[in-house]
Every structure is written in C-alpha cells, then in structure tokens.
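>
Residue numbers (the numbering used here): 116 to 623.
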C-alpha cells in the first residue's frame with residue numbers, strides 16, 4: 116500500500132513522474148488483483164534521441180530569467196546579457212525558447228595591438244557588438260526555437276536556430292547547420308508530417324531569405340490494399356533540395372602590384388559580411404524506396420535505396436539499413452540506433468551535399484588541408500568540375516542512449532579515393548542538475564582534432580547551483596570571414612569562442 120511517506124520518496128526520486136494522491140493510492144490498493152493480472156506493453160522508443168548538431172543547450176524544464184556573463188569572440192571580450200525564457204507545454208512536446216542577446220564590448224586585443232598600448236583596447240568599451248543588429252532580419256534571432264514533437268513523429272515542426280536538419284534518408288541533406296558563421300544568424304523552418312498512406316518533409320534554411328530549401332514527399336501504395344504490416348510499410352518517394360543562389364565564383368578586386376590575384380570583395384565594408392560571388396542555381400533531385408523488414412517489441416529494421424542527381428553534375432546510388440533497438444532490463448531501457456549505407460557515385464557528385472559546414476564551404480571548399488591556396492574554389496565549382504573514377508564508399512552511424520543518464524553517437528564515412536571522408540563524435544549528459552554536451556565534426560577528414568579548416572566544435576555545460584541560479588559554459592569552434600588572410604586577399608578563418616555566464620531566474 117502506498118503511504119504518504121512512500122509517495123514523497125517517489126516524488127523526490129522522479130519529480131517528472133505522475134505520483135498518485137493518497138485517495139488514488141487507496142483505490143489502486145483495493146484492486147490489487149486487477150493490477151496483478153494486467154499486462155502493460157512498453158512503448159517502443161524511436162526517432163533521433165541524440166541532439167547531434169545542436170549549438171546550444173536547451174533547459175529540461177521551463178525557465179524564465181536573465182543570463183549575465185562574459186563572451187570572448189573575434190579577439191574581443193564582451194559583457195553578455197540576455198533576458199530569456201524557455202517554455203514547455205503539452206508534457207514537453209511543445210517548446211518555445213526566446214532570448215534577447217546583448218553583447219557590449221569590454222576590451223579588444225586587436226585594438227590594443229593597433230594602438231601599441233594596452234589602454235587602446237578599451238577605446239570602444241560599451242559599444243554594442245557590430246553585426247549583431249545591423250539589419251532588420253537580425254531581430255529574428257530573438258526566437259531560439261519553437262518546436263512541436265520530434266523527428267520521426269507523425270507531426271514534427273521546428274522553427275529556430277539551434278538544431279541541424281536532415282531531409283529523408285540524408286542523401287541530399289544531412290545535419291545541415293545554418294549558423295556556422297559567427298556573424299550570420301539564420302532561423303530555419305522544418306515541417307514533417309507522416310500518416311498511414313504517405314507524408315512529406317519540408318525544410319527552409321532561413322525564413323528571412325528563402326534561397327535554400329528542400330522538400331520530400333512519399334506514398335505507401337500498398338497500404339490501400341492490405342493489412343500486412345511489411346507490405347504496408349513499403350514506400351516510394353521523391354525529394355528536391357536547392358540553393359537558388361549558390362556561390363560559383365568569388366568576385367575579386369583588380370590585382371595590386373605583382374600579384375596575379377585580387378582581394379575578395381564583400382557585401383559590406385567590414386569583415387562582418389559574407390563575400391560577394393557570382394551565383395548559380397544548385398538543384399539536387401532524388402527518388403527513394405524503403406521497406407520495414409522486421410519489427411518486434413525490441414527491434415525495428417528498415418531497408419532503403421536512394422538515387423540522387425545533381426543538375427549539371429553527376430549522380431549517386433545508396434542502399435542502406437536503419438536499425439532501432441530497445442533493450443530492457445527491469446525498469447531500465449537501453450536504446451541503440453544504427454545506420455549502415457553502401458554508396459557509389461560519380462566524381463562530380465557528393466552525397467549529403469548540404470551538410471554541417473555547407474554555409475562555410477559553399478564559399479571556400481578545402482579538400483586538402485596541406486595545400487591551401489589563396490585561389491580556392493567554391494564548393495559548387497569544385498564538385499561540378501571534379502573528375503576521376505567512380506567512387507565506392509560506406510557510411511556508418513551508431514547512437515546509444517541510457518535515457519536520463521547518457522547519450523553517445525559516432526559517425527564515419529569514407530570512399531575509395533580517400534577524399535570524401537567525415538568523422539562526427541557526440542556526447543550528452545542530461546542529468547537533472549547537470550547538463551553537458553559536445554559535438555565534433557570534421558568534413559574531408561585528414562587529420563582529426565586539429566581545430567583548423569573543416570573542423571566544427573560545439574560544447575556546453577549547465578549546472579544548477581540553486582533553484583534560482585544556474586552556471587553555464589560554452590565553447591565553439593566555428594568560422595568567420597578574415598579579410599587579412601592570404602596577405603589581405605581574404606578567406607574564411609577559424610574562430611574559437613568562449614562564454615561563461617550565470618542565469619538568474621526560476622523554473623516553472
């Protein structure tokens with residue numbers, strides 16, 4: 116029988132659990148026989164349970180308050196202040212995050228060096244960080260996220276700047292991240308809707324621009340005629356992703372002196388704006404089919420095949436298997452999600468073209484870290500003009516989760532020419548009082564963990580000290596335009612940013 120003392124202990128052990136009141140407990144106690152004979156089938160857990168690609172921590176509970184701390188970015192120290200709210204409804208299925216980030220300059224290392232004295236670093240103290248609110252579209256950054264459901268639910272909607280996006284099986288777009296340039300904030304839109312007879316996915320990279328987007332539609336033709344679960348799972352689909360203004364060739368000024376190459380022109384007068392480029396429409400089309408070959412209370416196996424083609428470029432074929440596993444030991448569930456793909460594609464094609472660092476590489480594609488030159492190519496020009504034999508490769512992904520305790524994920528892909536390689540590592544600790552996450556990517560894998568070109572790192576931690584006080588730390592290795600690179604010719608360079616702050620407020 117559940118006494119009040121037992122109920123209190125249960126509430127402390129799991130505050131999110133629904134604990135019966137004493138009257139409800141009495142009702143349960145008087146119907147012991149019915150409970151004993153009932154059989155409860157645990158729900159099979161599917162979907163993405165690792166947040167690989169997220170750039171900031173999201174609190175586990177509703178929170179309203181203000182964040183105050185220090186930010187080191189672009190060789191400057193800032194006072195970072197941000198009123199914020201993280202609100203959760205419908206048992207966490209609907210989430211809303213709002214924040215007004217204000218970064219006030221304290222000290223500039225570059226200004227001190229230019230002035231030749233330490234005090235010169237304070238010349239712009241108190242100034243709002245340039246680039247944060249220069250355009251009307253900058254104000255959309257107030258919306259961190261508005262999310263309903265999760266990926267692979269019947270309905271999933273996400274509007275925000277924190278999460279990466281994948282379209283279908285990922286052969287055209289996989290973990291696209293819009294905010295790898297520290298001076299550009301993009302708020303994207305993602306909508307997935309599935310039903311018994313078909314569904315669709317839609318993605319828009321930036322709600323204020325609308326130049327990068329993708330869509331996928333599929334039908335389950337046999338679902339109209341049979342109740343057989345395997346036959347009903349068979350689906351065929353078509354997809355399309357595009358960058359209507361993909362950079363093809365950077366615009367440069369006339370060469371100066373003996374140089375044969377001019378400086379890259381930018382859209383503004385500072386390093387805060389992206390480079391100018393001649394653009395072309397990039398379109399990638401795909402068709403696919405999938406079939407769920409096995410399903411039980413612990414295992415769910417799905418096979419699929421994709422054919423994708425780049426307009427003006429080559430094509431590729433992928434066959435794969437997605438495995439989802441729930442292993443239960445008593446009240447504990449261990450989750451495992453695996454994906455294995457075999458690929459073959461032409462040299463002038465690239466699987467998962469829209470990836471984690473597309474927003475950087477679309478201007479500056481660097482397949483060889485040992486031979487970087489000032490005359491670098493854009494991604495579209497490099498891939499479309501690449502020659503060589505047909506490539507054969509493999510993609511492998513595995514994610515393990517012990518819900519509420521630990522999430523680990525790893526991805527590796529390679530191909531026969533040794534050029535299109537990728538490594539991703541991800542970890543999460545989602546404890547009640549401590550949250551930690553870290554994600555590392557290297558595209559065009561050559562030397563891991565150099566934190567140079569093609570490397571992307573996001574890491575953060577959040578510690579609950581008091582009911583009204585949280586401490587946060589964040590490290591990011593991203594990219595920013597550097598007009599001084601290659602003797603003032605200009606190029607994207609690495610940016611290592613740090614932030615520590617305290618959040619004052621209360622959980623709801």
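Each residue gets a CB set at the ideal place from its N, CA and C atoms; glycine is no exception.
Looking at chain C, is there any beta carbon in it that lies within less than 8 angstroms of the beta carbon of residue 455?
Of the protein chains in the structure, only one exists, and it is not chain C.
> Would residue 526 and residue 539 be called neighbours here (beta carbons separated by less than 8 angstroms)?
For residue 526 and residue 539, yes; Cβs fall inside 8 angstroms.
> If we count the other Cβ atoms within 10 Å of its Cβ and call it buried at 16 or more, is residue 225 buried or exposed?
Residue 225 should be labelled exposed.
> So, residue 419 versus residue 394, is the Cβ gap smaller than 8 angstroms?
Contact flag unset, no.
> Are the CB atoms of residue 329 and residue 350 nearer to each other than 8 angstroms?
Against a cut-off of 8 angstroms, the Cβ pair of residue 350 and residue 329 comes out as no contact.
> Given a cut-off of 8 angstroms on the beta-carbon distance, is the pair residue 326 and residue 299 in contact?
Taking 8 angstroms as the Cβ cut-off, residue 326 and residue 299 do not qualify as a contacting pair.
> Looking at the secondary structure, which residues open and close the beta strand (DSSP E) in which residue 448 lies?
Taken as a continuous stretch (DSSP letters only), the beta strand (DSSP E) holding residue 448 covers 447-460.
> Say yes only if the C-beta of residue 600 is nearer than 7 angstroms to one or more non-hydrogen atoms of the ligand PLP, and no if none qualify.
This structure lacks the ligand PLP; in fact it carries no ligand of any kind.
> Should residue 412 go down as buried or exposed, given a rule of 16 or more other Cβ atoms within 10 Å for buried?
The residue in question, residue 412, is exposed, as its Cβ has fewer than 16 Cβ neighbours within 10 Å.
> Could you please give the first and the last residue of the uninterrupted beta strand (DSSP E) stretch that includes residue 213?
First-last of the beta strand (DSSP E) with residue 213: 209-214.
> Below 8 angstroms between beta carbons: does that hold for residue 471 and residue 577?
No, the Cβ-Cβ distance between residue 471 and residue 577 is not below 8 angstroms.
> Can you tell me which residues form a DSSP beta bridge with residue 228?
Residue 228 pairs with nothing; no bridge assigned.
> Do residue 161 and residue 305 have their C-beta atoms closer together than 8 angstroms?
Cβ distance not < 8 angstroms, so residue 161 and residue 305 don't count as in contact.
> State the Cα-Cα distance for the pair residue 583 and residue 209, rounded to the nearest angstrom.
When rounded, the distance between both Cα atoms is 24 angstroms.
> Tell me, please, whether the stretch 214-229 touches the stretch 186-200 by the rule of three or more beta-carbon pairs shorter than 8 angstroms.
As far as the Cβ criterion goes, the stretch 214-229 touches the stretch 186-200, which means the pair count is three or higher.
> Does the Cβ-Cβ distance between residue 186 and residue 200 come in under 8 angstroms?
Contact: no.
> Return yes when the Cβ of residue 612 is within less than 8 angstroms of the Cβ of residue 179, no when it is not.
Contact: no.
> Please return the same chain residues whose Cβ sits closer than 7 angstroms to the Cβ of residue 334, not counting the five positions on each side in sequence.
Hits under 7 angstroms: 312, 313, 350 and 351.
> Leaving out the 5 sequence neighbours to the left and right, which residues in its chain are closer than 6 angstroms to residue 307 when beta-carbon positions are compared?
Answer for residue 307: 271 and 316, listed in chain order.
> Looking only at its own chain, which residues have a Cβ that is under 6 angstroms from the Cβ of residue 514, when we skip the five neighbours before and after it?
Cβ neighbours of residue 514 beyond the five flanking positions: 165, 452 and 524.
> By Cβ distance, which residues of its chain are closer than 6 angstroms to residue 530, with the 5 residues on each side in sequence left out?
506 and 508.
> In chain order, what residues of the same chain lie with their CB nearer than 6 angstroms to the CB of residue 216, ignoring the 5 residues before and after it?
The answer, listed in chain order, is 197.
> Of all the options 430, 520 and 575, which has the alpha carbon lying nearest to the alpha carbon of residue 286?
Comparing Cα-Cα distances from residue 286 to each of 430, 520 and 575, the minimum goes to 430.
> Looking only at its own chain, which residues have a Cβ that is under 7 angstroms from the Cβ of residue 604, when we skip the five neighbours before and after it?
Result list for residue 604: 376, 378, 379 and 489, in chain order.
> Tell whether a beta-carbon distance below 8 angstroms holds between residue 614 and residue 184.
Closer than 8 angstroms, so yes.
> Label residue 495 either buried or exposed according to how many other C-beta atoms from any shown protein chain fall within 10 Å of its C-beta, with 16 as the threshold for buried.
By the neighbour-count rule (16 or more Cβ atoms within 10 Å), residue 495 is buried.
> Using a Cβ-Cβ cut-off of 6 angstroms (strictly less than) and excluding sequence neighbours within five positions of residue 273, which residues of its own chain qualify?
Cβ neighbours of residue 273 beyond the five flanking positions: 262 and 305.
> Could you spell out where the beta strand (DSSP E) holding residue 579 opens and where it closes?
Per DSSP, residue 579 belongs to the beta strand (DSSP E) from 570-581.
> Taking the alpha helix (DSSP H) that residue 499 belongs to, which residues open and close that run?
494-500 is the span of the alpha helix (DSSP H), which, as asked, contains residue 499.
> Helix, strand or coil for residue 516 per DSSP?
Strand.
> Please give the ranges of any beta strand (DSSP E) in the stretch 245-312, keeping only runs that are unbroken, at least 3 residues long and fully inside the region.
List check, beta strand (DSSP E) in window: 258-263, 270-275 and 303-309.
> Could you tell me if residue 390 is buried or exposed, where buried requires 16 or more neighbouring beta carbons within 10 angstroms of its beta carbon?
Counting Cβ neighbours within 10 Å, residue 390 comes out buried, since at least 16 surround it.
> Hey, how far is the Cα of residue 466 from the Cα of residue 621?
Residue 466 and residue 621: Cα-Cα distance of roughly 45 angstroms.
> Would residue 159 and residue 500 qualify as a contact pair, given that the criterion is a beta-carbon distance under 8 angstroms?
Against a cut-off of 8 angstroms, the Cβ pair of residue 500 and residue 159 comes out as no contact.
> From 593, 283, 480 and 163, pick the residue whose C-alpha is nearest to that of residue 401; which is it?
It is 283.
> Does the distance from the C-beta atom of residue 236 to that of residue 222 stay below 8 angstroms?
A contact, by the Cβ cut-off of 8 angstroms.
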